[in-house]
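Chains as they are written, first to last, in the numbering used here: chain A, 865 to 1215; chain B, 10 to 242; chain C, 14 to 323; chain D, 5 to 334; chain E, 366 to 869.
Heads up, the beta-carbon is just placed ideally off N, CA and C, and yes, glycines get one too.
First comes the structure, then the notes that go with it.
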Amino acid sequence: MTGPVPPAGAPAPALSVRGLSVRFRMHGGTHVAAVTDARFDLAAGECLALVGESGCGKSVLASALLGLLPENAETAGAALLGDGTDLLTADERTLARTVRGRRVGLVPQSPAAHLTPVRTVRSQLEETLRELAGVRRPDLRKAAAAAAERASFPLGHLDRYPHELSGGLAQRAATALALIGDAPLLLADEPTTGLDRELVDRTVDELRRHVGDDRALLLITHDLAAAERIADRVAVMYASRVVEIAAADDFFGDAGPRHPYARGLLNALPEREFTPIPGMPPELSALPGGCAFAARCDRADAACGTVPALTGGVPLSTGAGGASTGAVPVSAGAGVACHHPVTAALEAPRA
Amino acid sequence: MLELRSLTAGYDRRDPVVRDVSLTVAPGESVGLLGPSGCGKSTLARVAALLHRPDRGQVVVDGEPVHGWRHRAPRDRRTAFGVVFQQPRLSADPRLSLAQIVAEPLRATGRAADVPERVPELARTVGLGADLLGRRPHEVSDGQLQRACLARALVLRPRWLICDEMTAMLDASTTAALVAVVEEYRAASGAGLLAVGHDRVLLERWCERTVEWRELTGATGATGGSAAHPAAE
Amino acid sequence: MADTEATTGPGTAADPVTRWRPVAGRSLAGARKASRSTRAWRVGSSAAIVTAVVLAVLIVPPLVALDEQAVHLADKLLPPSAAHPFGTDDVGRDLLVRCVYGLRVSLLVGVVAAVVATVIGTAVGALAASAGGWVDRVVMRLVDVFSSVPHLLLGIFIVAMFRPGVWPVVISVALTHWLSTARIVRAEVLSLRSRPYVDAAISGGASRWRVTVRHLLPGVLPQAGLAAVLMVPHAIWHESALSFLGLGLPTHQASLGTLVQGARSSLLAGDWWPTLFPGLFIIVPTLAIAGLAGAWRDRINPRRRSELML
Amino acid sequence: MTRSLPWGPMARLVGRRAAFAVPVLLAVTFGVFAVAEASPFDPVKAYAGTAGLTASQENLDQLRANLGVDKPLVSRWWDWLTAALHGDLGDSSTLRQPVADAIGERIGWSVLLATTAFVLAILVGSALGVLAARRPGGWLDRCVTSLAYTLEAAPPFWLGLLAVWLFALHLGVLPAGGLTDTSSVAVTAGQVSRHLVLPAAVLAVSQLPWFVLYVRQGVGDALGDDPVRGARARGLAERTVLLKHAFRSGMLPVLTLVGSRVPELITGALLVETVFSWPGIAAATVQAATSVDFPLLAALTALATVAVLLGNLLADLLYGLADPRVGFDG
Amino acid sequence: SSPDGNKGGSATSAVVGIAYEPETLSPLLGYGKDGNSKIFDGLLTHDADMKLKPALAAKLPKVGDGGTTYTYELRKGVKFSDGKPFTAKDVVFTYETILDKKTNNASKTELDAVKSVEAKGDDTVVFHLKYPYAPFAERTVLPIAPEHVAGEQDVNSGAFTTKPIGTGPYELVKWSKGEKLVFKANPDYWGGAPKIKNFTMAIVKDDDLRATRLRTGDLDGAILPPNLAGTFKSDADKKTYAAKTFDYRVVTLPTGNKVAGDTAVRRALDVGVDRKTMVDSILEGAGKEAYGPVPTDSPWFTKGTERKFDVTRAKQILDDAGWKPGKGGVREKDGVQAKFPLWYLSGDKLRQDHALAYASDAKKLGIKVEVQSGTWEVIEPRMPKDAVLAGGGSPADPDFDQYTLLKSSLAGDGFNNMAHYDNPKVDKALEEARRSGDHAKRQAAYDTVQRELVKNPGYTFLTHIDHLYVVDKSYGDLTTQVEPHDHGLASGPWWNVEDWQPKK
Ligand SMILES: Nc1ncnc2c1ncn2[C@@H]1O[C@H](COP(=O)(O)OP(=O)(O)OP(=O)(O)O)[C@@H](O)[C@H]1O
Ligand SMILES: Nc1ncnc2c1ncn2[C@@H]1O[C@H](COP(=O)(O)OP(=O)(O)OP(=O)(O)O)[C@@H](O)[C@H]1O
Ligand SMILES: [Mg+2]
Ligand SMILES: [Mg+2]
């Protein structure tokens, strides 16, 4: 199920995120730290699943990569595309003309809200085809049908307005739109909400197929089954930080995640224990000084008063190891940000 | 008893989405409704919550057939249903803060006095911090917004809960937490639940009974071929 | 372990090493979004102008007790000077005094008419749209009836029925100008009415009235507010149009509209001051009001709120 | 397979409006009769003009009888109405002409002027509004907005003078007034179109501010909304985002304006025609009103009503088409 | 600046801008009743000095039967522009139709004296009057309509009202309402074909625009208010003509008002207003001080009735009459404050300025004049009690003005005698002057009237205003008539456009 892993020393990754941070300025001078110091690489042909508790900053991370943050946001760090374009500092013109849709595609969360309400799905599809794929007028209808087909969007609903779509239909429409640009990097923010299992599988398979060998996919999802189905690696976010990056096989396999939070997340699945992680996530406007998970963690001790760095420790899989990226040894392949990570063999979760 | 009897509903009289569907939820019972995407589950949920007038058929609440929908339904009828909508972004007034969104039903029904007590209590239950409560919908994540929407649905202590894909945009832990919140409430109040979703595993784990969409059609509500639904391309 | 990492990346969000870049500045290609300080400055100056205008209108004329109609034929059309900072008009009246008096009258006409028209228009439009059905149809046809008689005609009739003066003008402008507001508000409400959050409100037990007031009206306030602001200069326009037809305020009584209107000939003869100063007196307060309204709109706009800090 | 226009609902809307038009017309014409009657204007004095200043009372009384204005209001209205239904609109006392002739001769020019101006105002207004909304707070935005408010305060007779002064006198590029060159008799398309430029532009400019500011506001709001974010994320060109997404959503209030600005347009036309010696019918309206020229006034308001009703119908049809969430109710 | 492409400046055409548009072109409804209608001719017409001369009549009328019959011998061979001959029948038709009750002609009062009109053969017409009416011949300048055309139609709304046919020097080519009237020369005009072949009157109601259009060269001539005419002073191509007029501006001092009706107040105001400054500033010099309806340079003017501006004397008069200074500088007498309202027609700048200047002058005397404006509808009911800034003036005969202005029996009759002036001596003199055919007697009677007005003014006459016209110089030196208050279509330098001899 795992895709091909990029060989070490391969050309620059499709996306390389370095210390990306986003915060929102709020009233009274406070800040909401939505993303803090994210660092990871995404190679061509690879699919990275980004999971984490609701509100931990996944969508904000995606928005930051597309330069679509609201105006009260501030960013830091860098997010480099394969050719060195820094998505965080590129000017709007570059982003609009060459990046969005063309080099970085997005399946937005809340697709219904992201469709223009006064135009039919068909017209929005055709327009995108015309602009991004250069399809000429006579071929538009067929191309639109084909694009809809890819995302399992029923052709009979093409002439509907967004408000006339069910949640799942809107989701599929959004996916269809995002696939048109054939972007080398695709950000899919919850592309399967509102879909039934069969459609989820079809959709993620299509995404995987789309990625193939030369594109990369950042799959933001709550649907761990979907992540398991197509992801090569899994990144776990908690309270604005990436707390673990692991190969999917390890994460979902016997070894299991190493961060206590990630383990809790898996355990909460209905097919497993279906119990929430105790306690509540911290408010991003007032993050605790040390490890943000400490308050909910049964392993916490005094050491957790400092923020743990994302360290590789022992490479857990064949994933593109830290060695290849030199200066920032742990950011790319796998790692966990925990003072007391779980060792694999000990506590592998059983469904 | 919430009975949906041979309901036909949709957005175009000539081509209804929901055809001849029947379903019953007993008080205190939790029913999960499974169905493919786009088959009409949300529509049915809206009919059941008295928000959408069916073309044919009857909704019977506690033995009394419903005659008015939306504003025409008597207020206590309407508020007997707590609804969590599928798309939190669209179902939250963008001008109100989360706290106001939760408090709104109390205010609308003249129970503003309860606000200072109920809202923080519910916020705690669904896991919304004070900081988030002061923000407006576009300043929070979808999941956080959905928590507020659940709190809004519960604030009037409804006798029937209708959760339309409540957890679709939630992570596993939050899903588990919110399901726990609903179950706790049901245990305390004896409310009936109609949970709409796609996730068979989840619904089977959550609900006492799950039904498939295609089982609902036909007068008996047991058998009968489903009308060709859009997902069937 | 963490300490070793501190040099390669920021530790916490508050770490001084983190170099934050605002995104506001690059929200659009080349567009320099006004920085917060210029914005605040703009709002501040608008507020200052409006305050000054209100003070001038309320305090100056009674205090100074100048005779705005005193004619000094010998001093006609004097350019601005120390004695007459704004110069004099073609029968030798001091333009500064007349501008201040005119401001008083015109602002009264403009603001009262705008407020009345907006309130009526918003109420009618919202009522029609949220009631829907035949109420909507009948009310909107009544609106049609009203709008069918050209505004100026209705204005002429109304003004003619009274003695010429400020109030007939106010009434005639207010009564003829709520119609577009009503239609705009109705259309917006119709569009908002079908939003899912209205469903949520209904399910929460909100009455029709409450849905309208709490969820629909706030959504149309920007539209109605814009109509109101636009109405201020428009009312001044109307007042001078009525004068043009010989039916407005007594033409010797200073109002900004009539001042500008009366100065046309002087302008052709090359005397600019009788036009310029009253013109500025119309435009500057209007822009100031518009500026304040814009700031207010930004405040109530759910999306811009986080960005604007007053 | 493309979604065809919703002819059924549209036809029903048109039908309903047509049915409503009858009572509306009755109400408006009667209203005008009543208001004119209640006004202090005296048709006889107006008819007599300056001659009336020295005319004897007896002469005036005779005139009153001749003009038929001594009858009670209701019967006058009824007479007018029944005659009008038989195609006789009566004689205008101010124009000393049958109303049908008077209107027939001049209405074309008014319609030409008003529609040109309106179309111009909508197009230019929308364009400026979109440009201003693109960069809120930018210099273009500030210029356009200030200009719009300024123009809103400038009545057509002012703008008219300024326009003539600039274009006819200083630049000498456009004629200053009239339908054709002042000394020529023939009405040629070329001449009319040259003479149309200034009055139409002035009328358009006087209508511009609402369109500019509403488009600006609508587009500005839409630009901050999720759908536009979605369109941007898809990588659509800025032009497309602006026109096909932000403007498509933001122009909805403007469509309403199309209907509700018709009365203002008529008001504007009424002044512009006077200022530019344009031989249309609107200029006669004021005279008809102050002279209480009932037949002419009633016919003109009926015309205005039809224009307003059509404008509103058009607006509602467009709105229904442009915003599928609203439909064709009303 | 000399505009290129001056369309009208060519030798044979002229375009003039006027402010008023006639409602009708039918003489039967009042068009051209004071003569000079371009399309039509009257039996008589005025020359430059406003003296009567024959037009359609071959000579001036013979007056008989003690001033009650007027016999006109008609000019022979005159044709209407449609080729049909003009006969006595047309004259009878015209007058009878005007006097017909069914005809909506508001000025038929002017023909009140007429009992009947009789055609004697084809070329003699006899008017029988009800009473001797000395100025009757002045009334026969009114245009003659063709019976064969106008008689076939509804007189009030027929096509003739907009498409007239007459005997005059010009034929109407086109009347584009609200825009212009286009005339072409009548080649068969009995007085000889005019040199100006095409004559256009552009209707430009707005003064400022008219001035601008004149400047652009679009117009060859235009009537302008003093301040705008002034802007052409330095223009080498334009000449300004100031037509002398009988057009006065007057403040009515109604007898019904305790203050304005007081003779002392009236007299004080009469000498205490600064007419000279009004002429200089408001009229920019284009006018004269007025002391009565008759302008100071008219032969009918009674020398010595000029009032010298004298504030001291005015105050003296008031003091003597018991008007004592009260609070706020306003005089009082018997508990009555010396104040009264003064109305002017709203929108009329000239009257407004006169009213304001009057009020300012009155204030210096201790009389508070409250200036107010309104339409005639508003003003009319107030005329018996409130002062009004009125205007009027008709050069043809002193009777036309003075009788309606001063005759006590006409007080409150419409706009006649607005001040409710009541002076038996004046009444008697007016009646005498009206009935007498003898010039000297009439002169004496009007002298009496003017002297009485000094003793008891009733009105404060302020100015006689010149009508200013600016015309392109290429038409050579033009003349103007003495003009009445009403600006007829054909007043101004183009009163005799048919006789213009353009230079080029
Ligand atoms: N405009 C904003 N202003 C302030 N805070 C914001 C804003 N947008 C998002 N946030 C905050 O940033 C955090 C991250 O939000 P984000 O939408 O990325 O969450 P998420 O991980 O995508 O959650 P979900 O799974 O629910 O979509 C949330 O806590 C949210 O409250
Ligand atoms: N307002 C509307 N107007 C017209 N058609 C609509 C409208 N809302 C929904 N539909 C259509 O009705 C059908 C059923 O929609 P509904 O939202 O009930 O589906 P659903 O079962 O909830 O699907 P999902 O699981 O994707 O949310 C769909 O085909 C949808 O396109
Ligand atoms: Mg998200
Ligand atoms: Mg659904």
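Within chain C, no C-beta atom comes less than 7 Å from the C-beta of residue 600 of chain E; the nearest is roughly 13 Å away. Sorting E:846, E:793, E:722 by C-alpha distance to the C-alpha of residue 774 of chain E places E:793 at the top. Per the coordinates, the alpha-carbon of residue 129 of chain C lies some 8 Å from the alpha-carbon of residue 191 of chain C. Residue-level contact check: residue 565 of chain E touches chain D, since one or more beta carbons of chain D fall below 7 Å from its beta carbon. Apart from sequence neighbours up to five positions away, the residues of its chain that approach residue 817 of chain E with a beta-carbon distance below 7 Å are 788, 790, 791, ordered along the chain. Proximity of chain D to residue 960 of chain A at the Cβ level (cut-off 9 Å) is accounted for by 236, 239, 240, 241, 242, 245, in chain order. Contact of residue 584 of chain E with chain C is not assigned, every C-beta pair being separated by 7 Å or more. A residue is listed when its beta-carbon falls short of 5 Å from at least one non-hydrogen atom of ligand 1; in chain order these are A:888, A:896, A:898, A:918, A:919, A:920, A:921, A:922, A:923, A:924, A:934, A:1148, B:148, B:149, B:150, B:151, B:152.
Judged by beta-carbon spacing, residue 574 of chain E lies within the 7 Å limit of residue 165 of chain D, meaning their Cβ atoms are closer than that value. Using a CB distance cut-off of 7 Å, residue 939 of chain A counts as an interface residue toward chain C. Remark: the C-beta of residue 1029 of chain A is in contact range of ligand 2, defined as less than 6 Å to any heavy atom. Unbroken alpha helix (DSSP H) runs of no fewer than 4 residues, entirely contained in the segment 469 to 533 of chain E, are found at 501 to 504, 512 to 515, following chain order. In the DSSP annotation of this structure, the continuous segment of the beta strand (DSSP E) that includes residue 427 of chain E starts and ends at 427 to 429.
Taking a Cβ-Cβ threshold of 9 Å, the residues of chain B close to residue 212 of chain C are 55, 58, 60, 61, 79, 92, 94, 100, in chain order. Taking a cut-off of 8 Å on C-beta distances, the segment 124 to 140 of chain B touches the segment 1142 to 1160 of chain A, as three or more cross pairs fall below it.
No heavy atom of ligand 2 is found nearer than 6 Å to the CB of residue 172 of chain B. The beta carbon of residue 100 of chain B sits closer than 6 Å to those of 94, all from its chain and outside the five residues before and after it, given in chain order. Nearest C-alpha to residue 54 of chain B among B:67, B:36, B:77, B:92: B:92.
Residue-level contact check: residue 573 of chain E touches chain C, since one or more beta carbons of chain C fall below 7 Å from its beta carbon. Among the CB atoms of chain B, none fall inside 7 Å of the CB of residue 145 of chain C. Distances from the CA of residue 22 of chain D to each of C:86, C:150, C:162 were compared; the closest alpha carbon is that of C:150. 7 Å or more divides the Cβ of residue 60 of chain B from the Cβ of residue 205 of chain B. It is roughly 46 Å from the alpha-carbon of residue 825 of chain E to the alpha-carbon of residue 34 of chain D.
In this structure, residue 604 of chain E sits near residue 836 of chain E, with a CB-CB distance shorter than 7 Å.
For the segment 109 to 132 of chain B, the beta-carbon criterion of a distance under 7 Å to any beta-carbon of chain C is satisfied by 113, 114, 117, 118. With a contact defined as Cβ atoms closer than 8 Å, residue 586 of chain E and residue 379 of chain E qualify at about 7 Å. In terms of beta-carbon proximity, residue 329 of chain D lines the interface with chain C, with at least one pair separated by less than 7 Å. In summary, the residues of the segment 764 to 779 of chain E whose CB is separated from some CB of chain D by less than 7 Å are 769, 778, 779, in the order they occur in the chain. Those residues of the segment 27 to 47 of chain D placed with their C-beta closer than 8 Å to a C-beta in chain C are 27, 28, 31, 32, 35, 36, 39, 40, 42, 43, 44, 45, ordered along the chain. Taking the beta carbon of residue 134 of chain B as reference, no residue of chain A falls within 9 Å; the closest one sits roughly 11 Å away. In this structure, ligand 2 has a non-hydrogen atom nearer than 6 Å to the beta-carbon of residue 20 of chain B. The beta-carbon of residue 912 of chain A is placed no less than 7 Å from the nearest beta-carbon of chain C. Between the segment 194 to 202 of chain B and the segment 159 to 177 of chain B, the count of Cβ pairs shorter than 8 Å is three or higher; the stretches touch.
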